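Per the working numbering, the sequence shown starts with residue 19, numbered consecutively.
Note that CB positions come from ideal geometry on N, CA and C, so glycine has one too.
Note that this is a predicted model, so its numbers are computed, not measured.
Here is the structure we will look at, set down as structure tokens.
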Amino acid sequence: MSGQFETRLAELGVTLPDAPAPAANYVPYTRTGNTVFVSGQISMGPDGMVTGKLGEDMSVEEGAAAAKLCAIALLAQVKAACGGDLDQLEHVVKLTGFVNSTGTFGDQPAVINGCSDFMVEALGEAGRHSRSAVSAASLPFGVAVEIEGIFQLKS
């Protein structure tokens, strides 16, 4: 039986994948009390990694779509941290987004909006958060976007 968040995701046509495994020597999330810190999730879709550099070979819209993929992976990690019950999520606290972009590209916030907008669309008020959106000269595997997050769970 799905909870309210997964029901809303289904209405949006999204099924959370299994939480992605880490690509190196780290854990995908750490839970301390009611707080979950999720490691950076890269832009990975069903067809593989979304690669590219904003300001060079990707549009802002393509970057925002890549950021939405990061949001889905973040929620998959939170679901894993909650033992499979996403409704244990109380609030998205903070997101930090990294955009693979040229030195002259300045629309990092518009790219990370792909993640932020999805969090609010999927989670309502629980999805509203503080955030940072910064440029990176390169990201692992040449991906377009990487986003990490801090989440508060219910007591």
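Taking 8 Å as the cut-off, the Cβ atoms of alanine 85 and valine 163 count as close. Among the bridge pairs identified by DSSP, phenylalanine 116 is matched with Val152 and Glu164.
Listed in chain order, the non-local C-beta contacts of phenylalanine 136 below 7 Å within the same chain comprise Lys86 and Ala89, local neighbours out to five positions each way being set aside.
The C-beta distance from alanine 99 to valine 129 rounds to 26 Å, too long to meet the 8 Å contact threshold.
Sequence-distant Cβ neighbours of isoleucine 165 in its own chain, meaning closer than 8 Å and more than five residues away, are Gly58, Gln59, Ala85, Cys88, Ala89, Leu92, Leu113, Thr114, Gly115, Phe116, Ile130 and Cys133. At a Cβ-Cβ threshold of 8 Å, valine 96 and leucine 141 do not count as neighbours. Around the Cβ of leucine 30, a 10 Å sphere holds fewer than 16 other Cβ atoms; the residue is exposed. Bounds of the beta strand (DSSP E) holding threonine 53 are 53-60. The three-state secondary structure of glutamate 79, taken from DSSP, is helix. Arginine 49 carries a strand assignment under DSSP once its states are collapsed to helix, strand and coil. Residue state for phenylalanine 123 is assigned as coil, using DSSP reduced to three classes.
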